[in-house]
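Protein chains in written order, with my numbering: chain A, -1 to 215; chain B, -8 to 246. Note sheet for the following structure.
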């Protein structure tokens, strides 16, 4: 056991850097994905004809294995093959694919009478969307965001195979040395990061929806 | 880059021999089929039992969620380090990868199966008992057919997860199409890497389409409502969301 902690102390600087890199690679696509998914989800809710193709495209995108997408993207968007940008773009695509449906379903679940009440109070379409419909859809969107965050953390580590530094490097270096310690720490830190992101999303969602707590109390 | 990749793909030299495209594809398919079969042999009976009796659902849901966060690459490498020294012959690197693939294939099938059984309309189940069916008959003739859409969605997730992870497992010396990506990386042969990526993506798409086709044939039309759906209907027109005709309830994870 002490071997594990000695190793961690000896490599604290490097592990911290990898943890941060991993966090950035997982979180940036999540944020960009959310920003892109909101209008797309809203559009596929407003225009029912868009919904089915949108969901179909989602399924299609998910079919592509992450390693293949990391490698194929440079050929499509013209970046360098070992550029971390490929990872960010690939994970953004997965995140958007997951969230578009979540946003559309979340907006669809807003009760009709709430929308009618907002309209009656003088909310125009955009203000109603931002001030009434989106806040009510927060729990559904947050649930989708949690799934995306947790799977992003796992997918980022695959990028170690194409030489992008993050916690996945602990797996490859541990494999090359046939040494357990970095691998176990890599798994533990990935799980920790997934848990932290999950908790942050939960807390922000709670903070954005004070009425759910009022209802419980 | 794309031109070079097409040149690679159309070069006859890359289609023959033990590292040619047909052999690598066959390897990938065999690994995936074998591990998927083992995963189903474990997960389907367990899922049926859990769904039918309602026992242990809490544990299963926890495992399924926990595994989503577990990095597949870390799991693969760990399994190799643990299992490879125990074997010590040519299979030392193949067996751990296959075990990892089975481990990753079980949760989607398991949760699809038990969720499918649990989501069966209680009225249908009661009616089945009411007309005098035994517990076993209810399971086989009512619950299982009704659970098929979710079971298939679990199967599709598991298949994609296994194909994707088998690609990654090329890093720990497994054969298959992932070899092109890993070997191309080692020799900076980017056209070969790209070709590998495209081949894997095509294989995954074909596998998904194939299962979707089987699902369409096997799932009762009474569940999907497909016989009275038209293109103009909204996506939720079928009586059961997630029937064979729609993507409704697919439990998907990026792989």
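The beta carbon of each residue, even a glycine, is placed where N, CA and C say it ideally should be.
Which residues in the same chain have their Cβ closer than 7 angstroms to the Cβ of residue i, if we skip the five residues on either side of it in sequence?
| i | result |
| --- | --- |
| residue 173 (chain B) | 161 and 162 |
| residue 230 (chain B) | Residue confidence for residue 230 (chain B) is low, a pLDDT of 44 falling below 50, so the modelled location carries little weight and cannot support an answer. |
| residue 167 (chain A) | 16 and 158 |
| residue 98 (chain B) | 54, 55 and 58 |
| residue 86 (chain A) | 23, 26 and 27 |
| residue 105 (chain A) | 39, 40, 43, 131 and 135 |
| residue 43 (chain B) | 108, 130 and 134 |
| residue 26 (chain B) | 89, 92, 93, 96 and 153 |
| residue 223 (chain A) | Outside the displayed span of chain A (-1 to 215) sits residue 223 (chain A), for which this structure offers no information. |
List, in order along the chain, the chain A residues whose C-beta lies closer than 7 angstroms to that of residue i?
| i | result |
| --- | --- |
| residue 154 (chain B) | 63 |
| residue -7 (chain B) | 73 |
| residue 177 (chain B) | Chain A residues near residue 177 (chain B): none, gap ~11 angstroms exceeds 7 angstroms. |
| residue 82 (chain B) | Ordered by position in chain A, no residue passes the 7 angstroms Cβ test against residue 82 (chain B), which lies about 17 angstroms from the chain. |
| residue 199 (chain B) | 61 |
| residue 195 (chain B) | 61, 62 and 63 |
If the cut is a Cβ gap below 8 angstroms, which residues of chain B does residue i touch?
| i | result |
| --- | --- |
| residue 176 (chain A) | 72 |
| residue 70 (chain A) | 185, 188, 189 and 192 |
| residue 185 (chain A) | 61, 62, 65, 66 and 69 |
Sort the options by Cα distance to residue i and report the nearest one.
| i | options | result |
| --- | --- | --- |
| residue 102 (chain A) | A:53, A:10 and A:3 | A:53 |
| residue 32 (chain A) | A:5, A:61, A:92 and A:153 | A:92 |
| residue 69 (chain A) | B:175, B:209, B:213 and B:199 | B:175 |
| residue 166 (chain B) | B:-3, B:3, B:-1 and B:21 | B:21 |
| residue 147 (chain B) | A:61, A:111 and A:30 | A:61 |
| residue 69 (chain B) | A:48, A:12, A:140 and A:183 | A:183 |
| residue 29 (chain A) | A:140, A:118, A:5 and A:210 | A:140 |
| residue 168 (chain B) | A:6, A:63 and A:46 | A:63 |
| residue 202 (chain B) | B:24, B:11, B:3 and B:50 | B:24 |
| residue 57 (chain A) | B:151, B:213 and B:212 | B:151 |
| residue 213 (chain B) | B:138, B:193 and B:187 | B:138 |
Cα separation between residue i and residue j?
| i | j | result |
| --- | --- | --- |
| residue 171 (chain B) | residue 81 (chain A) | 19 angstroms |
| residue 73 (chain B) | residue 79 (chain B) | 12 angstroms |
| residue 235 (chain B) | residue 50 (chain A) | Here the model assigns residue 235 (chain B) a pLDDT of 37, short of 50, so the residue's position is not dependable, and the following value carries that caveat. In a straight line, the C-alpha of residue 235 (chain B) is about 14 angstroms away from that of residue 50 (chain A). |
| residue 38 (chain A) | residue 60 (chain B) | 27 angstroms |
| residue 120 (chain B) | residue 16 (chain B) | 48 angstroms |
| residue 196 (chain A) | residue 1 (chain B) | 46 angstroms |
| residue 18 (chain A) | residue 5 (chain B) | 41 angstroms |
| residue 276 (chain B) | residue 105 (chain B) | A query on residue 276 (chain B) cannot be resolved here, the shown segment of chain B reaching from -8 to 246 and no further. |
| residue -7 (chain B) | residue 67 (chain A) | 14 angstroms |
| residue 87 (chain B) | residue 181 (chain A) | 15 angstroms |
| residue 310 (chain B) | residue 89 (chain B) | Any answer about residue 310 (chain B) is impossible in this case: the structure gives chain B only from -8 up to 246. |
| residue 10 (chain A) | residue 193 (chain A) | 21 angstroms |
| residue 55 (chain A) | residue 198 (chain B) | 16 angstroms |
| residue 204 (chain B) | residue 135 (chain B) | 19 angstroms |
| residue 131 (chain B) | residue 195 (chain B) | 31 angstroms |
| residue 165 (chain A) | residue 190 (chain A) | 12 angstroms |
| residue 209 (chain A) | residue 200 (chain A) | 15 angstroms |
| residue 171 (chain A) | residue 126 (chain A) | 52 angstroms |
| residue 128 (chain B) | residue 46 (chain B) | 19 angstroms |
| residue 107 (chain A) | residue 191 (chain B) | 37 angstroms |
| residue 109 (chain A) | residue 77 (chain B) | 59 angstroms |
| residue 111 (chain A) | residue 117 (chain A) | 10 angstroms |
| residue 85 (chain B) | residue 32 (chain B) | 20 angstroms |
| residue 1 (chain A) | residue 39 (chain B) | 44 angstroms |
| residue 103 (chain B) | residue 121 (chain A) | 42 angstroms |
| residue 9 (chain B) | residue 18 (chain B) | 10 angstroms |
| residue 149 (chain B) | residue 119 (chain A) | 49 angstroms |
I'd like the list of long-range same chain contacts for residue i, defined as Cβ closer than 8 angstroms, with 5 residues on each side in sequence excluded.
| i | result |
| --- | --- |
| residue 65 (chain A) | 156, 159 and 160 |
| residue 66 (chain B) | 91, 94 and 95 |
| residue 71 (chain A) | 77, 84, 87 and 88 |
| residue 182 (chain B) | -8, -5, -4, -2, -1 and 175 |
Report, in whole angstroms, the separation of the C-beta atoms of residue i and residue j, which I expect to be a contact under 8 angstroms.
| i | j | result |
| --- | --- | --- |
| residue 93 (chain B) | residue 189 (chain B) | About 27 angstroms separates the two Cβ atoms, so there is no contact after all. |
| residue 90 (chain A) | residue 137 (chain A) | Not confirmed; about 23 angstroms, so no contact. |
What does residue i reach in chain B if we use C-beta pairs closer than 7 angstroms?
| i | result |
| --- | --- |
| residue 158 (chain A) | 64 |
| residue 172 (chain A) | 68 |
| residue 102 (chain A) | Correct list: empty, because the minimum Cβ distance to chain B is about 10 angstroms. |
| residue 192 (chain A) | 60 |
I want to verify the contact list: residues of chain B whose CB lies under 9 angstroms from the CB of residue i, in sequence order.
| i | result |
| --- | --- |
| residue 189 (chain A) | 57, 60, 61 and 62 |
| residue 181 (chain A) | 65, 68, 69 and 72 |
Which chain A residues are close to residue i, counting only those with a beta carbon under 8 angstroms from its beta carbon?
| i | result |
| --- | --- |
| residue 158 (chain B) | 63, 65 and 66 |
| residue 143 (chain B) | Those within 8 angstroms of residue 143 (chain B) in chain A number zero; the least Cβ separation is about 13 angstroms. |
| residue 151 (chain B) | 60, 61 and 63 |
| residue 162 (chain B) | 159, 170 and 173 |
Quick one: residues in its chain with C-beta nearer than 6 angstroms to the C-beta of residue i, no 5 flanking neighbours on either side, listed in chain order?
| i | result |
| --- | --- |
| residue 227 (chain B) | Residue placement at residue 227 (chain B) is poorly supported in this model, since its pLDDT is 48, which falls under 50; the coordinates are not used for a value here. |
| residue 217 (chain A) | As shown, chain A starts at -1 and ends at 215. That puts residue 217 (chain A) outside it, with no answer to give. |
| residue 34 (chain B) | 97, 100 and 101 |
| residue 185 (chain B) | -4 |
| residue 35 (chain A) | 94, 97, 98 and 101 |
| residue 158 (chain B) | 169 and 191 |
| residue 71 (chain B) | 87 and 163 |
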